[in-house]
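Read left to right, the sequence shown gives residues 1 to 639 (UniProt numbering).
All C-beta atoms in this analysis are idealised placements derived from N, C-alpha and C, irrespective of residue type, glycine included.
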Amino acid sequence: MEEIQELLTQAVEAIGGSPRPGQQKMADAVAHAFDSGRHLAVQAGTGTGKSLAYLVPSLHYAHEEDACVIVATATLALQRQLVERDLPRLVEALDGDYTYAILKGRSNYVCLNKLAVETALIGAEDYQWMKPHLDRVYEWADETDTGDRDHLDPGVPQQVWAKVSTTAQECPGASVCPHGDECFAEKAKAQARGVDVVVTNHALLAIDATSPIDILPAHDAVVIDEAHELVDKITDVSTATISVMALKMAATRAEKIVGKHSDGVDKLREVTGDLEEILPALPLGRWEESTPDEAKAPLAGVGDALDAVYTELSLTEDDAEGDPEGYAEKRSLMSHVQTLIDGLERMLEGSDADVVWLEKDLRDERRLMVAPLSVASVLADNLFGTNTTVLTSATLALGGKFDAMARAWGLTDLPWDSLDVGTPFDTQGSAIMYLSRHLPPPGRDGLTDELLDELEHLILAAGGRTLGLFSSKRAAVEATEALRPRLPFDIYCQGDDAIGALIEQFAANENSCLFGTLSLWQGVDVPGPSLSLVTIDRIPFPRPDDPLSQARKEATDARGGNGFMQVAASHAALLMAQGAGRLLRATTDRGVVAILDSRIATKRYGSFILRSIPPMWTTTDLDTVTGALKRLIAARHKG
Numbered sequence: 001m002e003e004i005q006e007l008l009t010q011a012v013e014a015i016g017g018s019p020r021p022g023q024q025k026m027a028d029a030v031a032h033a034f035d036s037g038r039h040l041a042v043q044a045g046t047g048t049g050k051s052l053a054y055l056v057p058s059l060h061y062a063h064e065e066d067a068c069v070i071v072a073t074a075t076l077a078l079q080r081q082l083v084e085r086d087l088p089r090l091v092e093a094l095d096g097d098y099t100y101a102i103l104k105g106r107s108n109y110v111c112l113n114k115l116a117v118e119t120a121l122i123g124a125e126d127y128q129w130m131k132p133h134l135d136r137v138y139e140w141a142d143e144t145d146t147g148d149r150d151h152l153d154p155g156v157p158q159q160v161w162a163k164v165s166t167t168a169q170e171c172p173g174a175s176v177c178p179h180g181d182e183c184f185a186e187k188a189k190a191q192a193r194g195v196d197v198v199v200t201n202h203a204l205l206a207i208d209a210t211s212p213i214d215i216l217p218a219h220d221a222v223v224i225d226e227a228h229e230l231v232d233k234i235t236d237v238s239t240a241t242i243s244v245m246a247l248k249m250a251a252t253r254a255e256k257i258v259g260k261h262s263d264g265v266d267k268l269r270e271v272t273g274d275l276e277e278i279l280p281a282l283p284l285g286r287w288e289e290s291t292p293d294e295a296k297a298p299l300a301g302v303g304d305a306l307d308a309v310y311t312e313l314s315l316t317e318d319d320a321e322g323d324p325e326g327y328a329e330k331r332s333l334m335s336h337v338q339t340l341i342d343g344l345e346r347m348l349e350g351s352d353a354d355v356v357w358l359e360k361d362l363r364d365e366r367r368l369m370v371a372p373l374s375v376a377s378v379l380a381d382n383l384f385g386t387n388t389t390v391l392t393s394a395t396l397a398l399g400g401k402f403d404a405m406a407r408a409w410g411l412t413d414l415p416w417d418s419l420d421v422g423t424p425f426d427t428q429g430s431a432i433m434y435l436s437r438h439l440p441p442p443g444r445d446g447l448t449d450e451l452l453d454e455l456e457h458l459i460l461a462a463g464g465r466t467l468g469l470f471s472s473k474r475a476a477v478e479a480t481e482a483l484r485p486r487l488p489f490d491i492y493c494q495g496d497d498a499i500g501a502l503i504e505q506f507a508a509n510e511n512s513c514l515f516g517t518l519s520l521w522q523g524v525d526v527p528g529p530s531l532s533l534v535t536i537d538r539i540p541f542p543r544p545d546d547p548l549s550q551a552r553k554e555a556t557d558a559r560g561g562n563g564f565m566q567v568a569a570s571h572a573a574l575l576m577a578q579g580a581g582r583l584l585r586a587t588t589d590r591g592v593v594a595i596l597d598s599r600i601a602t603k604r605y606g607s608f609i610l611r612s613i614p615p616m617w618t619t620t621d622l623d624t625v626t627g628a629l630k631r632l633i634a635a636r637h638k639g
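Written as structure tokens, this is what we have:
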């Protein structure tokens with residue numbers, strides 16, 4: 001490992017950094033994993049410099065072994081950081097001929113075929129407001145070298161982008177697409193072949209692991225950053241949806257290809273109408289035993305109609321040369337219809353490996369969902385079974401152990417090692433953990449007056465400078481509306497503006513507060529004086545009516561485990577650790593994490609959750625905390 005340490009030292013010195021024991025230990029462990037073939041889970045706290053700790057051994061291993069290492073992140077923001085900052089600096093610092101590329105999901109690139117045909121599928125009402133955005137995309141598509149949505153500045157609304165991009169499931173394939181030779185997604189794939197490190201995201205890694213088609217280039221090892229999100233990403237990719245809107249759109253698209261006198265399209269519209277009538281009468285939530293009797297016939301009818309549409313599409317004349325755009329659209333629609341058929345079959349089959357439920361979206365539209373009960377076997381067989389894999393995050397050791405994450409990943413029966421390199425921050429000396437033991441436990445009727453009063457006292461003591469993390473949007477809005485008249489500080493609330501803009505305003509306005517939900521629990525990075533207090537209104541257990549969590553709890557209980565601890569408490573512990581991690585983002589940061597849910601101090605699971613959070617000096621005395629915050633702010637003013 002001496003060579004790895006020399007390279008790491010060279011890289012750190014070149015970018016003006018200093019040696020970090022945790023970073024050095026992690027780099028050695030990653031190199032050992034590549035050499036030994038044993039999987040590795042590494043918890044590396046904020047400030048470790050974990051990206052360098054895995055990029056240095058990844059580049060070295062790939063270069064020396066003529067191999068390829070995939071680095072997968074959960075967020076596009078980290079992807080951009082790795083490709084636009086970390087890897088260029090690292091390659092320059094190491095003065096070697098190392099190579100790297102970025103590869104995103106197909107929907108992140110503009111689709112030239114969609115640009116050619118999609119406007120015909122847009123309704124007149126939508127087209128009016130979309131046209132200025134579409135015109136700008138058309139102009140940009142003629143100029144861009146990458147077709148990457150991130151390079152379109154300013155961007156366009158998601159509804160518009162969906163019209164000019166395609167998914168892997170809808171893409172007809174470069175060999176038959178009339179724009180295959182110019183395809184931006186295919187160009188990105190070509191650039192990724194033969195490089196040392198390919199940076200991608202969890203979603204694309206998930207598709208590669210679950211698809212018979214190779215999405216990623218051939219590779220020998222995988223590094224998964226933000227690995228605490230991996231199970232959710234794999235679950236999302238493996239989840240199918242059936243909605244009335246999707247069926248109506250499929251019928252509209254099919255009619256444009258097969259004509260207006262199509263038996264299949266007519267049948268699909270008829271049975272979609274039947275389904276639309278019956279869905280409001282069906283029970284929301286999980287269908288535990290099997291499909292309700294009253295839903296079987298309509299769903300079977302939808303399946304038969306989709307089969308008929310697929311057959312009619314397959315029988316239409318192929319004219320790849322005379323009508324290349326139309327041919328590509330047909331292939332795309334056939335793929336989409338097959339996806340609907342596959343999802344419907346899973347719903348009707350009612351396998352023990354799947355969870356089926358009916359939910360209602362924000363527009364009050366009902367949609368049927370089917371998701372895997374567990375993704376452990378998928379990961380064990382299709383990811384860990386074929387590649388040495390390193391999984392890393394600031395939050396992996398829940399309750400102080402890696403067991404919960406290892407079970408969810410499917411690692412337990414495979415050769416794997418774990419390592420917690422800690423954080424270079426002095427969390428005990430820099431942060432106070434306040435547990436509001438005296439508050440009434442949270443209920444279903446919103447925030448209590450006692451909690452709002454306590455939140456007011458804490459924010460006043462901190463002089464604003466507060467990130468308020470709430471378990472629901474309703475609670476965040478309720479707290480905002482209650483405290484704005486009572487506090488002399490600006491309170492920004494999620495939903496007032498785009499998340500990025502709100503975070504920028506919060507960071508720039510030192511005496512402000514930012515309230516929000518899950519989007520703020522992870523990824524918010526505001527070092528310095530603008531953040532001295534993180535408040536958490538309640539332990540973020542999964543909702544009692546969450547069908548997937550409930551099914552996973554029951555399955556764990558049936559195996560003889562503790563479903564509440566292994567599923568619900570582990571979920572909460574992971575989010576609590578992520579939320580508490582928003583406080584200390586630099587070595588000079590100081591402040592308080594206040595948990596305003598008394599159950600953290602009174603219930604047995606509280607200690608499990610607290611062991612998942614970096615150790616801080618802990619108290620249940622409000623006066624002690626407000627006094628410490630006032631002294632901290634006074635010291636900053638003097639400084």
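Query	Result
Check this for me: beta carbons of Thr427 and Met616, under 7 Å apart or not?	yes
When the Cα atoms are used, what is the spatial distance from Pro440 to Asp597?	8 Å
If you drop the 5 nearest sequence neighbours on each side, which residues of the same chain put their C-beta closer than 7 Å to that of Asp263?	Ala308
Is His151 helix, strand or coil when you go by DSSP?	helix
Scan the region 517-572 and note each continuous alpha helix (DSSP H) run of 4 residues or more that stays entirely inside, going in chain order.	518-521, 547-558
Could you tell me if Gln550 is buried or exposed, where buried requires 16 or more neighbouring beta carbons within 10 angstroms of its beta carbon?	buried
According to the Cβ coordinates, are Asp208 and Leu59 closer than 7 Å?	no
Let me check understanding here. Comparing Cα to Cα, which of Gln158, Gln5, Pro292, Trp140 lies closest to Leu152?	Trp140
So Leu55 packs on Gln23, CB below 8 Å; how close in whole Å?	Contact doesn't hold; Cβ gap of about 11 Å is too wide.
Using the Cα positions of Glu270 and Arg366, report the straight-line distance between them to the nearest angstrom.	18 Å
Does the structure place the region 279-289 close enough to the region 352-367 that three or more beta carbon pairs sit under 8 Å?	yes
How would you label Arg106, buried or exposed, when you count the other beta carbons within 10 angstroms and need 16 or more for buried?	buried
Hey, Pro529 and Arg611: beta-carbon distance below 7 Å or not?	no
Rounded to the nearest angstrom, what separates Val164 and Pro157 at their Cα positions?	11 Å
Less than 7 Å separating the beta-carbons of Thr395 and Gln578?	yes
Alpha carbons only, please: which of Thr316, Arg253, Ser243, Ala300 is nearest the one belonging to Pro280?	Ser243
Would you grab the beta carbon distance between Val593 and Ala580 for me? Rounded to a whole angstrom, and I think it's under 8 Å.	5 Å
Which partner residues does Ser418 have in the DSSP bridge list?	Ala41
Please work out which residues of its chain come closer than 7 Å, Cβ to Cβ, to Glu182, disregarding the five sequence neighbours upstream and downstream, and give them in chain order.	Leu112
Would Val390 and Ala62 qualify as a contact pair, given that the criterion is a beta-carbon distance under 7 Å?	no
Should His261 go down as buried or exposed, given a rule of 16 or more other Cβ atoms within 10 Å for buried?	exposed
Are Leu383 and Ser570 closer than 7 Å when you measure CB to CB?	no
Taking the beta strand (DSSP E) that Leu469 belongs to, which residues open and close that run?	466-469
Given a threshold of 16 other Cβ atoms within 10 Å of its Cβ, counted over all protein chains shown, does Asp589 qualify as buried or as exposed?	buried
Just grab the DSSP bridge partners of Glu359 for me.	Arg367
Measuring straight from C-alpha to C-alpha, what distance separates Arg38 and Thr388?	6 Å
From the DSSP output, which residues share a beta bridge with Pro372?	Asp354
Counting C-beta neighbours from all protein chains within 10 Å, is the total for Asn562 16 or more, i.e. buried, or is it exposed?	exposed
Count Cβ pairs between the region 71-82 and the region 168-181 that sit closer than 8 Å; are there 3 or more?	no
Identify whether Ser107 lies in helix, strand or coil by the three-state DSSP scheme.	helix
Is it true that the region 497-510 meets the region 541-560, where meeting means three or more beta-carbon pairs spaced less than 8 Å apart?	no
Answer with buried or exposed for Ala634, where buried requires no fewer than 16 other C-beta atoms within 10 angstroms of its C-beta.	exposed
Determine the DSSP secondary structure at Ala240, reduced to helix, strand or coil.	strand
Going by beta carbon distance, what residues of the same chain come within less than 8 Å of Glu456, once the five residues before and after it are set aside?	Leu483, Arg486, Leu487
If we call anything under 7 Å between Cβ atoms a contact, is Ala44 one with Val375?	no
Sorted by chain position, which residues of the same chain lie with C-beta nearer than 8 Å to Arg80's C-beta, five sequence neighbours on each side aside?	Asp150
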